[in-house]
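Following: one structure in structure tokens, then a few remarks.
4 protein chains.
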Amino acid sequence: MFGTNEQQARWLRPLLDGEIRSAFSMTEPEVASSDATNIATRIERDGGDYVVTGRKWWSSGAMSPRCALAIVMGVTDPAADPYRRQSMILVPLAEPGVHVRRSTSVYGYADGPHGGHAEIDYDHVRVPATNLLGDEGSGFAIAQARLGPGRVHHCMRLIGMADRALDLMCRRVTDRVAFGGPLAAQGVIQEWIADAYIRLEQLRLLVLKTAWLMDTTDNRTARREIAAIKVAAPATAVWVIDRAIQAHGGAGISPDLPLASLWAHARTLQIADGPDEVHRRSIARDLLRSQQPAASGATR
Amino acid sequence: MFGTNEQQARWLRPLLDGEIRSAFSMTEPEVASSDATNIATRIERDGGDYVVTGRKWWSSGAMSPRCALAIVMGVTDPAADPYRRQSMILVPLAEPGVHVRRSTSVYGYADGPHGGHAEIDYDHVRVPATNLLGDEGSGFAIAQARLGPGRVHHCMRLIGMADRALDLMCRRVTDRVAFGGPLAAQGVIQEWIADAYIRLEQLRLLVLKTAWLMDTTDNRTARREIAAIKVAAPATAVWVIDRAIQAHGGAGISPDLPLASLWAHARTLQIADGPDEVHRRSIARDLLRSQQPAASGATR
Amino acid sequence: MFGTNEQQARWLRPLLDGEIRSAFSMTEPEVASSDATNIATRIERDGGDYVVTGRKWWSSGAMSPRCALAIVMGVTDPAADPYRRQSMILVPLAEPGVHVRRSTSVYGYADGPHGGHAEIDYDHVRVPATNLLGDEGSGFAIAQARLGPGRVHHCMRLIGMADRALDLMCRRVTDRVAFGGPLAAQGVIQEWIADAYIRLEQLRLLVLKTAWLMDTTDNRTARREIAAIKVAAPATAVWVIDRAIQAHGGAGISPDLPLASLWAHARTLQIADGPDEVHRRSIARDLLRSQQPAASGATR
Amino acid sequence: MFGTNEQQARWLRPLLDGEIRSAFSMTEPEVASSDATNIATRIERDGGDYVVTGRKWWSSGAMSPRCALAIVMGVTDPAADPYRRQSMILVPLAEPGVHVRRSTSVYGYADGPHGGHAEIDYDHVRVPATNLLGDEGSGFAIAQARLGPGRVHHCMRLIGMADRALDLMCRRVTDRVAFGGPLAAQGVIQEWIADAYIRLEQLRLLVLKTAWLMDTTDNRTARREIAAIKVAAPATAVWVIDRAIQAHGGAGISPDLPLASLWAHARTLQIADGPDEVHRRSIARDLLRSQQPAASGATR
């Protein structure tokens, strides 16, 4: 969407062909990245080049041996309006000064194959000025443009994760016997199953509505629904998977079943890609704004 | 659906014309009516008549001065299979032996105009055998047939109640100032508003899906969704209205705003028409049954 | 604690003898009284008198026919520091200009005997200057001094209310039969009972510790604990009573049992005497303040 | 408490001297061990020996290179009363037939140093009959006797874990800045801190009361309180640590801070040593039993 023809030929084509992988390098350990204006990595112009300096973590998928490229967010103009300070730039991981320090695990799990996400030092990494994505100062706008699709994708996966956990729970409680009958006969277990179904069905429909809105209108029109599923989907998945874990006893938290790992990844999504608190704040402000003049109802 | 032509001419026509109103008289103070097989009121054949004897409460709308008729559920054959013991019969409130004892209020509110629901003694009330609705022993089946539409109707009203509460909350927090700014600027209030929106949007879609399923298939096919919204809708409405009350302070629980009364009626629906626990149990059993053979997922 | 000898002889003696009752008149319908600096009622000096003008509600116990006196909080010096603007003054309800408008009910219940609390207009009510309680500007300080004891008293009553609800629940589920056994045999009901016990035992101990701290040190030293029980006690009581209501079905919300009324009064205490949000804020600020220098732990 | 002089000389002395460590080997992967009567490992008499056969997991601390001994629970008499079927026996890990298969990790973490707990196969392990702990059939009674002290110890550690998380949260939110101020100034964060304090103070007091009861009476008298803290302590710790994680963002789930690991271990204790559901059931039955005759209140 934002790459030049040259950038696309050089990077997008091999990405689409599955020859290489890329990382998105935005969050920083030293600042509260939930407020993107905090980002401190510098991207400084120096003749025909940019020089990138900063430390990032949770750079997505950067531990993969095939990961060849990072899209790095950083400050090009510290004096500009807060939402025009940032730019994105393409940084090949093979450049001198790029140091992949370690995998950033979540609850003891690598977040993805080959070690998942990474902490990366960019130590005066020099790339040609043509590596900038879009214009100087457009980093925030590019981030906004891609977040909607990324979020609905996370939510769809979370539904699949929760569905699987509910399915595993239903099987387990049918098989296991305690106190004279199958676990499935216990009222508390039945309550978990029913509530899991009730929550999942509601979530599934809101994710579908959001995807439909994005397909038929645009990400901006769907922003309130996107924020809503970004809060609701991890919360529901975390709850359903946790109940499935409890129904499994020790097996639920062991490496023999995917449940504990699914839980850790669902929980991570209450922080990644904007913590819940930021999305709730956006929804509330949006609702309060739309309500002010004549207050015709809770929804559009 | 179940009345004879004569029953319809005598009662349904004036009901549709708004000349009279009717009560549904099922729940009894002396037994746990959540298990309908507990119902103890007797409907005994005596020549060409039935004699009705028992005590009911929460007989819907029976306090209305226009209420002329009760549909009474009771046991016609105590020896039959539990689900074939009950019948429904038409009992004019003007018959000797019908004693409307009092309004059954909820949280200090009459549940409907003119005092709402009532506690009624049926003391050897004699009605012609032609007043029976359907066949002897069909009471449970008739109840099942009407519960789906009744429940989706409750849920639609609950959404309206919660929408109104959210709307009132948004207005209030915009107007009121505390600790140096409008309440709307406080993060905790924003969280309530966002969560209200997130929960309501999900609920709304599940109620719509359920209504669509009922319209395009039948109540039996939609039974899992009907049970789900019967649990989810009061829970969500109770939560949203409660937060709106809290945002209003004293005004929220005062008679000046509808919020406290809306809350009481929403809360009542976690008990009326089957308590939450019964619906959760049905959902869980239904899911566990459908899961057994090959377990293809959480939904049909 | 703050009255002159003359004030005590005239009012405190008949109060202690039970001949009259008094009302505390602070909260106002037009402002967010959770922030006491919002209070707008004026108490203006005019020669040897003060003239009181404003509207109050939730004036405690003012509907009682024996209520003879209101302690009114209002602004004596609008230009002073926010916490020195207010004073308290003694206003006999029989004075011209005092209009008790109505009972301010909570969820359909009068909050106390004889109609409970009241909305009162003070329309240029003239009282002698000697009716002022303490000095001009001391209203806020007097309020602070009495809030601790008032709050621990509320919490003790809430524990009694919740204990009674738990007791009623245990009896009911032992007697009532549904689905082939007593309700007490159902796992979901057992979970409510266990959680009610677990929460109540913890709450009881914190209230006891708080009372002990107040007795052995002073209200200021115990301020964090007082705020904690003011949040915890109504929340626990509301939860326990609500579960007891659910276990009773229709009877729980009917006027036949005290549960619905107990619930309404417990819920009211999440708003009255400072809403939960204000107390949480105080606790957090207090903890953050004490933590700053060397952060030796979560408690003192 | 149950070992003979010979057993104590051989094993207890080196344990107390820290020369060796021991494992407790009770839970089995193939059955719901929450119901201890399900345990299937066999301990069969054969001449002067017992032969132990079965598979255990979560054998505590068995991955330690210094772990020399397992106390194994198993069936000595399948025909006996369910609570007299089991015995405990001392099994040196060096015996032929003992196969330590792997570490049983929790949420990706080893549960203890050196890999923590283990899955162990006991394949016809032969030990002298004098290795039996107590009498044949006393396994259940021995387990009961040691569970109280074990549980209060877990709860004390959980309080320490939650205290540390609250302390870390308070520091973090004071340091980090987002949206124009420190996180500590945000109402939602303040609410987490206040609720953490409110919950922890209540829990701390109930754990202290329980320990005092155990010290001054006996484990049986304190059984209701022991069960209560076994439910309350992990739930509170899990909640407090989770909020501390959320306040830290990515750092909270990373290996740089102890929070994610603390959470995993706290969560594990909602399953280990009896899942919450079993303890809640015991509390409810105990309360209902004590209530029956005259129902004098919720507590003893």
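Protein chains in written order, with my numbering: chain A, -19 to 280; chain B, -19 to 280; chain C, -19 to 280; chain D, -19 to 280.
We put the beta carbon where it would ideally sit given N, CA and C, even for glycine.
In this text the structure is predicted, and so the values were computed from the model without any measurement.
query, result
"CA-to-CA distance, D266 (chain A) to S276 (chain A), given in whole angstroms", "For S276 (chain A), the pLDDT reaches just 41, beneath the cut-off of 50, and the residue's location in the model is therefore unreliable, although a value from the coordinates is still provided. Approximately 14 angstroms between the Cα atoms of the pair."
"Straight-line Cα distance separating G114 (chain A) from M(-19) (chain A)", "9 angstroms"
"C-alpha gap between W172 (chain D) and V71 (chain A), whole angstroms", "40 angstroms"
"Meets three-Cβ-pair contact criterion under 8 angstroms: the segment 122 to 140 of chain B and the segment 224 to 243 of chain A", "no"
"Alpha carbon of L112 (chain A) to alpha carbon of A50 (chain A), nearest angstrom", "12 angstroms"
"Contacts around A42 (chain C), its chain only, beta-carbon distance under 8 angstroms, and the 5 residues preceding and following it disregarded", "A3, S5, A50, L73, V80, H97, A98 and I100"
"Cβ-Cβ distance between A202 (chain A) and M194 (chain A) below 8 angstroms", "yes"
"Proximal residues, the segment 244 to 260 of chain A versus chain B, C-beta separation under 8 angstroms", "E257, H259 and R260"
"Contact list for the segment 225 to 239 of chain B against chain C, Cβ threshold 9 angstroms", "I225, Q226, H228, G229, G230, A231, G232, I233, S234, P235 and D236"
"Contact between the segment 76 to 96 of chain B and the segment 245 to 261 of chain B (3+ Cβ pairs under 8 angstroms)", "yes"
"Short CB-CB distance (under 8 angstroms) between W172 (chain D) and chain A", "no"
"Beta strand (DSSP E) segment containing E24 (chain D), residue limits", "R22 to D26"
"Counted within 10 angstroms of its Cβ, other Cβ atoms place P255 (chain C) as buried (16 or more) or exposed", "buried"
"Selection of the segment 200 to 224 of chain D by Cβ proximity to chain A, strictly under 7 angstroms", "none"
"Proximity to I263 (chain C) [Cα-Cα], best of D:D222, D:Y177 and D:A240", "D:Y177"
"Residues in the segment 176 to 187 of chain D having any Cβ partner in chain E nearer than 9 angstroms", "The question asks about chain E, but that chain is absent: this structure's protein chains are A, B, C and D."
"Beta-carbon proximity of L146 (chain B) to A240 (chain B), cut-off 8 angstroms", "no"
"Where F159 (chain D) meets chain A, residues with beta-carbon distance less than 8 angstroms", "D15"
"Supposed close pair V281 (chain C), I139 (chain C) - CB separation, criterion 8 angstroms", "The requested residue 281 (chain C) is not part of the displayed model; chain C covers only -19 to 280."
"Reduced DSSP secondary structure (H/G/I, E/B, other) of S40 (chain C)", "coil"
"Start and end residues, beta strand (DSSP E) containing S67 (chain D)", "Q66 to P72"
"Closest residue to K210 (chain B) among B:D222, B:T196, B:T190 and B:V220 (Cα-Cα distance)", "B:T190"
"Beta strand (DSSP E) segment containing A98 (chain B), residue limits", "A98 to P108"
"Given A16 (chain B) as reference, the closest of B:S234, B:A59, B:R82 and B:V55 once Cα atoms are compared", "B:V55"
"Cβ distance (whole Å) where V11 (chain B) is taken to contact V105 (chain B) below 8 angstroms", "That belief does not hold up - the Cβ atoms of V11 (chain B) and V105 (chain B) are roughly 20 angstroms apart, past 8 angstroms."
"Assigned secondary structure, I0 (chain A) (DSSP; H/G/I helix, E/B strand, else coil)", "coil"
"Contacts around P162 (chain D), its chain only, beta-carbon distance under 8 angstroms, and the 5 residues preceding and following it disregarded", "V153, T154, D155 and R156"
"Separation of T216 (chain A) from R(-10) (chain A), as counted between CA atoms", "41 angstroms"
"Closer than 8 angstroms to chain A by CB, W37 (chain D)", "yes"
"Proximity of N18 (chain A) and A158 (chain D) at Cβ, strictly below 8 angstroms", "yes"
"Option in C:Q250, C:L249, C:D236 and C:T7 with minimal Cα separation from W38 (chain B)", "C:D236"
"Cβ separation of Q170 (chain B) and R260 (chain A), assumed to be a contact under 8 angstroms, to the nearest whole Å", "6 angstroms"
"In chain order, each alpha helix (DSSP H) run of at least 4 residues that lies wholly inside the segment 78 to 161 of chain D", "119 to 155"
"Closer than 8 angstroms to chain C by CB, R131 (chain B)", "no"
"Positions along the segment 70 to 97 of chain A whose CB lies within less than 8 angstroms of some CB in chain D", "T84, S85, V86, Y87, G88 and Y89"
"N-terminal and C-terminal residue of the alpha helix (DSSP H) that V52 (chain D) is part of", "It is not in any alpha helix (DSSP H) - V52 (chain D) instead sits in the beta strand (DSSP E) that spans C47 to V55."
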